[in-house]
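**Student:**
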Amino acid sequence: MSSTGSVVLPDEEAMVAFGQVIADASDAHGVIFLLGDLGMGKTTLSRGILRGCGHQGSVKSPTYTLVEPYAIGDKQVYHFDLYRLSDPEELEFLGIRDYFDEQALCLVEWPDKGRGILPQADLLLSIELEGQGRKLHWTAQTELGQAMADKLETAVSE
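In terms of this note's numbering, the sequence shown opens at residue 462 and continues consecutively.
Rendered as structure tokens:
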């Protein structure tokens, strides 16, 4: 199972708006890995996803705290930024396994830093430069990810 798709997002506003589409596709459940170089828009996309889940406040990158939890009504979203992680074992001290349950949505920036500790992603989102904007690729890794990818494909084709 490896459904893929992509969309070109011309600016930050489009990135945030597509994050809201991703939120709808996920129904605030699952594990999404955000891949891309520094400055590609992973946190901007996360802001859009959080807004799509109903979050009204600011969204900061959890670069120093590693995780920022968001309780949004009956939804629980965890935004991870593992950029500064020096050893995946540090995640065990954070109690990482407690965050990944079927009722939560986990957004993970720099997931390669947690290799061997993190669970499998349902959906991989990869961001790269495309002219002045960004190209977002998605790849489903699980049945849940496949359902998300199908909804994203439908949204892009409308």
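Every residue, glycine too, gets a C-beta built ideally from N, C-alpha and C.
Measure the CB-CB distance between Leu605 and Gly491 and report whether it falls below 7 Å.
**Tutor:** What you label residue 605 is simply residue 144 of the sequence shown in a count that begins at 1. What you label residue 491 is simply residue 30 of the sequence shown in a count that begins at 1. Result yes, Cβ atoms of Leu605 and Gly491 sit closer than 7 Å.
**Student:** My output table needs one value for Asp542: the three-state DSSP class, helix, strand or coil.
**Tutor:** Stepping through the sequence shown from its first residue, residue 542 is reached at position 81. Residue state, collapsed to three classes: strand.
**Student:** Specify, as a first and last residue, the run of the beta strand (DSSP E) that Lys596 falls within.
**Tutor:** Position 135 of the sequence shown holds residue 596. 594–601 is the span of the beta strand (DSSP E), which, as asked, contains Lys596.
**Student:** Please say whether Gly509 and Gly466 have beta carbons closer to each other than 7 Å?
**Tutor:** Locating residue 466 in the sequence shown gives position 5, counting from the first residue. Locating residue 509 in the sequence shown gives position 48, counting from the first residue. No, these two residues do not count as a Cβ contact at 7 Å.
**Student:** By Cβ distance, which residues of its chain are closer than 6 Å to Val506, with the 5 residues on each side in sequence left out?
**Tutor:** Locating residue 506 in the sequence shown gives position 45, counting from the first residue. Going by the sequence as given, residue 506 is Leu instead of Val. These residues qualify, in order along the chain: Met476, Gly480.
**Student:** Which residue wins for smallest C-alpha separation from Glu630, given the options Arg595, Ser618, Thr603, Glu614?
**Tutor:** Outside the shown range of the chain, which is 462 to 619, sits residue 630, and nothing can be said about it.
**Student:** Is Cys514 closer than 7 Å to Val482 when the C-beta atoms are compared?
**Tutor:** Taking the sequence shown and counting its residues from 1, the one referred to as residue 482 is at position 21. Taking the sequence shown and counting its residues from 1, the one referred to as residue 514 is at position 53. Contact flag unset, no.
**Student:** Could you check the C-alpha separation between Leu495 and Glu570 for me, to the nearest Å?
**Tutor:** Numbered from its first residue, the sequence shown carries residue 495 at position 34. Numbered from its first residue, the sequence shown carries residue 570 at position 109. Between Leu495 and Glu570, the C-alpha separation is close to 5 Å.
**Student:** Tell whether a beta-carbon distance below 7 Å holds between Gly575 and Leu543.
**Tutor:** On the sequence shown, residue 575 is found 114 positions in, with the first residue counted as 1. On the sequence shown, residue 543 is found 82 positions in, with the first residue counted as 1. Closer than 7 Å, so yes.
**Student:** Could you tell me the alpha carbon to alpha carbon distance between Gln593 and Val468, rounded to whole angstroms?
**Tutor:** Translated into the one-based positions of the sequence shown, residue 593 becomes position 132. Translated into the one-based positions of the sequence shown, residue 468 becomes position 7. So the alpha carbons of these two residues sit roughly 14 Å apart.
**Student:** Return the residue from the list Leu546, Gly534, Leu586, His598 that minimises the CA-CA distance to Pro523.
**Tutor:** Translated into the one-based positions of the sequence shown, residue 523 becomes position 62. Selected option, being the one with the closest Cα: Leu546.
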